[in-house]
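One structure is given below, encoded as structure tokens.
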Amino acid sequence: MSTLQISLAVVGVILLGLIVAYNAWNYRRHAPKRPRPVDGDKAQLEPSARFEPALDGLDITSMPQPAPAAVDEPLMDAVPAQDVAQTPEAVAAAESADTTASTEPVQTVRAASASAERKLALDVLIDAIAPIRVDHPITGEAALLVQPTTRRAGSKPFRIEGLNEATQEWEAVRAGQRYTAFQAGVQLANRLGALNEIEFSEFVAKVQNFADALNAIVELPDMLQEVGRARELDQFASEHDAQLSFVLRPRRAAWSPGYIEQHAASLGFVTSSMPGRLLLPSACGVQPPLLTLAYDAQAAQSDNLDQTAVHEVWLSLDVPQVPRSEEPFAQLRRVLQALCENMEGFICDQNGYQLLPQVFDPIAADLQKLYDRLDQRELSAGSMLARRLFN
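This is how it looks when you write it as structure tokens:
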């Protein structure tokens, strides 16, 4: 073999190696970013193999360890536990503490349920209400037996409440209670539109059947008046509804689902029952989530999550659903900035146009005006009435 042939062979091998190296580098560069291993997933060393430095930098793992004290050995002249536990006063105190600890969670849950029930009560502001009079108290079992099987009139929520004989408060009909009056209501508007004549007629039929079954008298509202109120309320709601959505896209390599969820979790997001959907909970815990982060649901259900590429993430805020006091838009800006920095992405609108930070200030000013108008209408953002109307 001549020198020329040897040189060409060497050059060919070098070129082939460079091509392989470039392809490997290019693949790694454009491969979906994977989540970083957490501290618990790092090298799992045996306890005896770990190096535990003392204050002077020496390895203390090989030093003899002091023998553990016996359980019944008194330390620092303490009174033995069995002597204290056997006194009548201590036994009574322990039983009282156990009873209090066991009843407090139940009372808390009941109080929260009662508070939520009161917030769900019918309100003339957004409901068409029909009072129902009865001659004598009706048991909850009898009322439940003749209640309509559906809770909707068309696309509008429908509800029957009873005036509790004991508490004198309106509530959803429950077994084991007695009611001296009833009222039925249908919501005037929601995001599906205003209450129309057909839905109002369906509401009237349901209420009349319920009243007839109880030998009660119902006072039905005027259809034209209620439909007119519904249209006016729907017009107001459509003019003051705001759902903000921003898109995050990677600057270079795509993201894997695990990579997205890891960074979202570091900002307080939690997974939901829907694949590819994460929620930022409210501070009070009972409100709807502050923000929603979503990406491709099919990618979230892929068999190989590390190799699945996600090219955009949606971050959304449903303005009327979140209280103003939570400062949700400020939270949205903070999350967007953190995700862009940590995930090497950029913000764009739904059409793919990149957004600069300056565009957020006018949006924040407009939201303050929107909050003021909702407050004036007694439909403050995050209130139960606003959550029902903008739903």
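With the UniProt record's numbering, letter number 88 in the sequence shown gets 88, and the count goes up by one each step, no holes. All residues carry an ideal CB built from backbone N, CA and C; glycine is no exception.
- Query: Which whole-angstrom value describes the C-beta separation of L317 and L248, a residue pair presumed to lie in contact below a C-beta threshold of 8 Å?
  - Reply: On the sequence shown, residue 317 is found 317 positions in, with the first residue counted as 1. On the sequence shown, residue 248 is found 248 positions in, with the first residue counted as 1. About 14 Å separates the two Cβ atoms, so there is no contact after all.
- Message: Is M343 a contact residue of the ligand FMN, with contact defined as CB to any heavy atom under 6 Å?
- Response: The ligand FMN is not among the ligands present in this structure, which contains no ligands whatsoever.
- Query: Cα separation between K206 and A264?
  - Reply: Your numbering for residue 206 matches position 206 in the sequence shown. Your numbering for residue 264 matches position 264 in the sequence shown. Their backbone Cα atoms lie some 46 Å apart in a straight line.
- Query: Is F390 helix, strand or coil by DSSP?
  - Reply: The residue you call residue 390 lines up with position 390 of the sequence shown. Look at F390 here: in three-state DSSP terms it is coil, with no helix or strand label.
- Message: Can you tell me which residues form a DSSP beta bridge with C348?
- Response: Along the sequence shown, read from residue 1 onward, the residue named residue 348 stands at position 348. V247, Q354.
- Query: At which residue ranges does the region 257 to 327 contain complete beta strand (DSSP E) runs of 3 or more residues, listed in the order of the chain?
  - Reply: 277 to 280, 291 to 294, 313 to 318
- Message: Among the candidates F246, S2, F236, M274, whose CA atom is the shortest distance from the CA of P350?
- Response: Counting from 1 along the sequence shown, the entry for residue 350 is found at position 350. Note on identity: in this sequence residue 350 is Gln, with Pro being the wrong assignment. If we check each option's Cα against that of Q350, F246 comes out closest.
- With V227 as the anchor, note down where its alpha helix (DSSP H) starts and where it stops. Locating residue 227 in the sequence shown gives position 227, counting from the first residue. 223 to 239 is the span of the alpha helix (DSSP H), which, as asked, contains V227.
- Which residues bound the alpha helix (DSSP H) around D361? Counting from 1 along the sequence shown, the entry for residue 361 is found at position 361. Note, D361: alpha helix (DSSP H), 360 to 376.
- Message: Output needed for H311: all residues of its chain with C-beta closer than 6 Å, excluding positions within five of it in sequence on either side, in chain order.
- Response: On the sequence shown, residue 311 is found 311 positions in, with the first residue counted as 1. Excluding residues within five positions, the ones whose Cβ falls inside 6 Å are A254.
- Query: On the three-state DSSP scale, how would you describe T180?
  - Reply: In the sequence shown, residue 180 corresponds to position 180, counting from 1. Here T180 sits in strand by DSSP.
- Message: At the level of alpha carbons, what is the spacing between E165 and T139?
- Response: Residue mapping note: residue 165 aligns to position 165 of the sequence shown, counting from 1. Residue mapping note: residue 139 aligns to position 139 of the sequence shown, counting from 1. Linking E165 to T139 through their CA atoms gives a straight-line distance of about 10 Å.
- Task: Compare the beta carbon distance of I129 and L389 with 7 Å and say whether it is the shorter of the two.
- Result: As a first step, residue 129 must be located in the sequence shown, where it is residue number 129. As a first step, residue 389 must be located in the sequence shown, where it is residue number 389. No; because the gap between Cβ atoms is not below 7 Å, this pair is not in contact.
- Item | Meets three-Cβ-pair contact criterion under 8 Å: the region 374 to 383 and the region 321 to 332 | yes
- Task: Locate the alpha helix (DSSP H) running through G140, then write down its first and last residues.
- Result: By 1-based counting over the sequence shown, the position of residue 140 is 140. Where G140 is concerned, the enclosing alpha helix (DSSP H) stretches over 140 to 146.
- Message: In this structure, how does DSSP classify Q331 when only helix, strand and coil are distinguished?
- Response: Within the sequence shown, the letter at position 331 stands for residue 331. It is helical.
- Item | CA nearest to the CA of S155, picked from L163, V146, S201 | Here residue 155 corresponds to residue number 155 of the sequence shown, with the count starting at 1. When C-alpha distances from S155 are compared across L163, V146, S201, the shortest belongs to S201.
- Excluding the 5 residues preceding and the 5 following residue 469 in the sequence, name in chain order all residues of the same chain whose CB lies nearer than 8 Å to its CB. Past the edges of the chain, shown from 1 to 391, lies residue 469, and the structure says nothing about it.
- Query: Should D234 be labelled buried (16 or more other beta-carbon atoms within 10 Å of its own) or exposed?
  - Reply: By one-based count along the sequence shown, residue 234 stands at place 234. A buried status is given to D234, since no fewer than 16 other beta-carbon atoms sit within 10 Å of its beta-carbon.
- Query: In whole angstroms, what separates the C-alpha of L291 from that of T308?
  - Reply: As a first step, residue 291 must be located in the sequence shown, where it is residue number 291. As a first step, residue 308 must be located in the sequence shown, where it is residue number 308. The alpha-carbon atoms of L291 and T308 are separated by roughly 24 Å.
- Extent of the continuous beta strand (DSSP E) to which E161 belongs: Numbered from 1 along the sequence shown, position 161 holds the residue referred to as residue 161. Counting along the chain, the beta strand (DSSP E) containing E161 begins and ends at 156 to 164.
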